[in-house]
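When the count follows the numbering used here, it moves up by one through the sequence shown with no breaks and lands on 162 for the last residue. Cβ coordinates follow ideal geometry from the N, Cα and C atoms, glycine included.
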Amino acid sequence: SHLVESNFALLICGACKDLDYRKKISAMAQTSLGVFADFHFVENDCMGDYLIQSDLLIAPYDISSSLNSGTMWMAFSYSKTMVLPEIGCVQGEKTIAENAFIYRYASAEEHAEKLCEVMEKLKTETAESLFEKGNRLYSYMQTKSWESHKQEWLSLYD
């Protein structure tokens, strides 16, 4: 409901196995301007199409079951910043902490609260600042790439 006044459009996409939850999200999306639901499974070869059109990606992972995120690395490879909880692969990563919107929570109730707090902070961000954060995350990805370390790693076998 606060998205319209913030110039956000929110696309909720991906498979949703819990049909009751899906119905609840669909009903909320139908009555909220700027909120769209697309519940089909997003194939890997289509993910780029979604990322190219977005300013950022929100992944409200359950920290009790998420250690790493391939989606996060894919978003960064498309120069997109993210909103996500502090899952294992972001802990201690300064560049990610400075350029993504990371939050911590201890319960389901607190998860929703912390995510809403981040969404409030996003109201002060411009498309340009999100673009800059995404570019810094892409550069960070490049420093971790095979190409950046190929000679170093191959020398281990000499």
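Assuming residue i contacts residue j (C-beta within less than 8 Å), just tell me the rounded distance between them.
{"i": "C93", "j": "S73", "result": "6 Å"}
{"i": "F105", "j": "M86", "result": "7 Å"}
{"i": "F45", "j": "M145", "result": "Incorrect: roughly 25 Å between the Cβ atoms, too far for contact."}
{"i": "D59", "j": "A112", "result": "Their Cβ separation, rounded to whole angstroms, is 27 Å, which puts D59 and A112 out of contact at 8 Å."}
Inspect the beta-carbon positions of residue i and residue j and report whether they are closer than 7 Å.
{"i": "A41", "j": "I16", "result": "yes"}
{"i": "I91", "j": "Y65", "result": "yes"}
From residue i to residue j, what does the alpha carbon distance come to, in whole angstroms?
{"i": "S36", "j": "Q155", "result": "53 Å"}
{"i": "F135", "j": "M51", "result": "18 Å"}
{"i": "G38", "j": "D162", "result": "57 Å"}
{"i": "L71", "j": "S152", "result": "25 Å"}
{"i": "I100", "j": "K148", "result": "13 Å"}
{"i": "K118", "j": "Y109", "result": "7 Å"}
{"i": "E114", "j": "N48", "result": "31 Å"}
{"i": "F43", "j": "L14", "result": "13 Å"}
{"i": "Y54", "j": "F12", "result": "16 Å"}
{"i": "M32", "j": "L158", "result": "53 Å"}
{"i": "A19", "j": "Q34", "result": "18 Å"}
{"i": "P89", "j": "K28", "result": "23 Å"}
Buried or exposed: residue i, going by 16 or more other Cβ atoms within 10 Å of its Cβ?
{"i": "K84", "result": "buried"}
{"i": "N103", "result": "buried"}
{"i": "K56", "result": "Note that residue 56 is Ile in the sequence shown here, rather than Lys. Counting Cβ neighbours within 10 Å, I56 comes out exposed, since fewer than 16 surround it."}
{"i": "H6", "result": "Since pLDDT at H6 reaches only 49, below the 50 mark, its modelled position is unreliable, and no value is offered."}
{"i": "S143", "result": "exposed"}
{"i": "L160", "result": "exposed"}
{"i": "G138", "result": "buried"}
Every unbroken alpha helix (DSSP H) within the region 61-103, with a cutoff of 4 residues, ordered by chain: Considered as a whole, the region 61-103 harbours 74-81 and 98-103 as its complete alpha helix (DSSP H) runs of no fewer than 4 residues, in chain order.
Could you name each continuous beta strand (DSSP E) segment of 3 residues or more that falls completely within the region 102-156, going from the start of the chain to the end? 105-107
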